[in-house]
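If you read the sequence shown in the working numbering, its first letter stands for residue 94, the second for the next number, and so on. Glycine included, every Cβ here is placed at the ideal spot set by N, Cα and C. Owing to the predicted nature of the structure, the values given are computational and were not obtained by experimental measurement.
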Amino acid sequence: KEYIKVNENWNVLRSVAEMRKQAEEVEKVHTIYVVDDDDRLKGRLSLKKLLTTSTKTPIKEVYNPNIHYVSVNDSADEVARMMQKYDLFVIPVVDELGTLVGQITIDDVVDYIKEEAEKDYQMAAGISEDVEANDKISQQMRARLPWLIVALIGGFISVVVLSGFGNAMNQYGTLFFFTPLIAATAGNVGVQSSAIVVQGLANGTLTGSIWKRLLKEISLSLLNGLILAVILLLIGKFLLGHILTGFDMKMALTVAISLVTVIMMASLIGTFIPLFLHKQGIDPAVATGPFITTSNDIFGIYIFFTIAKLILGF
Numbered sequence: 094k095e096y097i098k099v100n101e102n103w104n105v106l107r108s109v110a111e112m113r114k115q116a117e118e119v120e121k122v123h124t125i126y127v128v129d130d131d132d133r134l135k136g137r138l139s140l141k142k143l144l145t146t147s148t149k150t151p152i153k154e155v156y157n158p159n160i161h162y163v164s165v166n167d168s169a170d171e172v173a174r175m176m177q178k179y180d181l182f183v184i185p186v187v188d189e190l191g192t193l194v195g196q197i198t199i200d201d202v203v204d205y206i207k208e209e210a211e212k213d214y215q216m217a218a219g220i221s222e223d224v225e226a227n228d229k230i231s232q233q234m235r236a237r238l239p240w241l242i243v244a245l246i247g248g249f250i251s252v253v254v255l256s257g258f259g260n261a262m263n264q265y266g267t268l269f270f271f272t273p274l275i276a277a278t279a280g281n282v283g284v285q286s287s288a289i290v291v292q293g294l295a296n297g298t299l300t301g302s303i304w305k306r307l308l309k310e311i312s313l314s315l316l317n318g319l320i321l322a323v324i325l326l327l328i329g330k331f332l333l334g335h336i337l338t339g340f341d342m343k344m345a346l347t348v349a350i351s352l353v354t355v356i357m358m359a360s361l362i363g364t365f366i367p368l369f370l371h372k373q374g375i376d377p378a379v380a381t382g383p384f385i386t387t388s389n390d391i392f393g394i395y396i397f398f399t400i401a402k403l404i405l406g407f
């Protein structure tokens, strides 16, 4: 038992006497909880209020009934969000009947947040288990290999997609030089979008309609895509045309349009997948790593060459 409680029907004198007995088992006194005869949480009482009140005054006349608390059924994420929202150092825990059963301190929450942050970082990097640098090779391999296999399969799919446009190699071979640019941009945009969504889901700031969120991402990605497309056109006009054989403004326009489209597509995928996983009760952190990057690479390459085929006509 790491908390101190007093009964609302006691007076200040008896409360102080009872607190002295309880304090022998308590390392730190964060706050004083007030309960009724059935141990149901009623409120809180500050030490200052207790010390400055007449000893004959009943506790029910001086305690503060405004108190934040959590249930034994609340998740650790909900507890962390509440303590962060109200800037609490400690929060009481009650059961289904409202009975005070314990408390959670900020130290407990910090430890949990640290563990979750480490786990999310590993998931984003494609590590499926919680491993340390000094763990056995077999443990580290088991944690890393699954997502590497996913990335390998995704790479094979990208090769198949590229092979479908092999006839463009002879006539528009320069076009293939932009494949890494398209794939990398798609991957980066997808990871950015998914990271924002996962962060919002974790701290509870992401609320409202999914469609509203997707519409916002479309607007943002369109603006970013247009800016990058303009930069690409300027570089193409003043630099790439002198470096790459066969690169002209028509090809530059093709790459620019593809870039805008791919950015919008990657942003939508990076936003939708974490939201979908969250709705299904799956940790959305798994979507911020290789899965998003690999899927966006495949779709990005396909969109790029499809648009190029429509514009250049190969």
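{"Check": "By Cβ distance, which residues of its chain are closer than 6 Å to His-371, with the 5 residues on each side in sequence left out?", "Outcome": "Leu-294, Pro-377"}
{"Check": "Reducing DSSP to helix, strand and coil, say where Gly-191 ends up.", "Outcome": "coil"}
{"Check": "How many angstroms separate the CA atom of Arg-306 from the CA atom of Gly-318?", "Outcome": "18 Å"}
{"Check": "Looking at the structure shown, is Leu-299 part of a helix, part of a strand, or coil, going by DSSP?", "Outcome": "coil"}
{"Check": "So, for Thr-150: in the same chain, excluding its five sequence neighbours on each side, which residues have a beta-carbon less than 8 Å away from its beta-carbon?", "Outcome": "Asn-104, Val-105"}
{"Check": "At what residue ranges does the segment 265-324 contain a whole run of the alpha helix (DSSP H), taking only runs of 4 or more?", "Outcome": "272-296"}
{"Check": "Tell me which same chain residues have a C-beta within less than 8 Å of the C-beta of Leu-140, skipping the five on either side of it?", "Outcome": "Val-122, Ile-125"}
{"Check": "Thinking C-beta only, is Leu-181 closer than 8 Å to Asp-132?", "Outcome": "no"}
{"Check": "Are the Cβ atoms of Leu-138 and Tyr-156 separated by less than 8 Å?", "Outcome": "yes"}
{"Check": "As a quick exercise: from Leu-325, Ile-366, Gly-247, pick the residue whose alpha carbon is nearest that of Gln-285.", "Outcome": "Ile-366"}
{"Check": "Let's test the definition: count the other Cβ atoms within 10 Å of the Cβ of Ile-246 and tell me whether it reaches 16, buried, or not, exposed.", "Outcome": "exposed"}
{"Check": "Helix or strand or just coil, what does DSSP make of Ile-328?", "Outcome": "helix"}
{"Check": "Is it the case that the segment 158-178 contacts the segment 200-209, given that we only count it when at least three CB pairs across the two stretches are under 8 Å?", "Outcome": "yes"}
{"Check": "How many Å lie between Ile-230 and Ile-160 at the Cα?", "Outcome": "49 Å"}
{"Check": "Count Cβ pairs between the segment 273-290 and the segment 350-368 that sit closer than 8 Å; are there 3 or more?", "Outcome": "yes"}
{"Check": "Count the other C-beta atoms from every protein chain shown that fall within 10 angstroms of the C-beta of Ala-401, then say buried if there are 16 or more, exposed otherwise.", "Outcome": "buried"}
{"Check": "Does Leu-346 come out as helix, strand or coil in the three-state DSSP assignment?", "Outcome": "helix"}
{"Check": "Rounded to the nearest angstrom, how far is the Cβ of Gly-406 from that of Ile-385, given a contact under 8 Å?", "Outcome": "Between Ile-385 and Gly-406 the Cβ distance is about 33 Å, and since that is not below 8 Å, they are no contact."}
{"Check": "Just verifying my parser: in three-state terms, what is the DSSP assignment at Tyr-179?", "Outcome": "coil"}
{"Check": "Can you give me the C-alpha to C-alpha distance between Ala-279 and Tyr-395, rounded to a whole angstrom?", "Outcome": "12 Å"}
{"Check": "Alpha carbon to alpha carbon, how far is Ser-314 from Phe-270?", "Outcome": "24 Å"}
{"Check": "So, using beta-carbon positions, are Thr-43 and Leu-326 closer together than 8 Å?", "Outcome": "The structure shown has nothing for residue 43, since the chain only spans 94 to 407."}
{"Check": "Is Gln-233 helix, strand or coil when you go by DSSP?", "Outcome": "helix"}
{"Check": "Based on Cα-Cα distance, which residue from Ser-360, Leu-255, His-335 lies nearest to Ile-391?", "Outcome": "Leu-255"}
{"Check": "Where DSSP assigns a beta bridge to Tyr-126, which residues make up the other side?", "Outcome": "Lys-98, Arg-137"}
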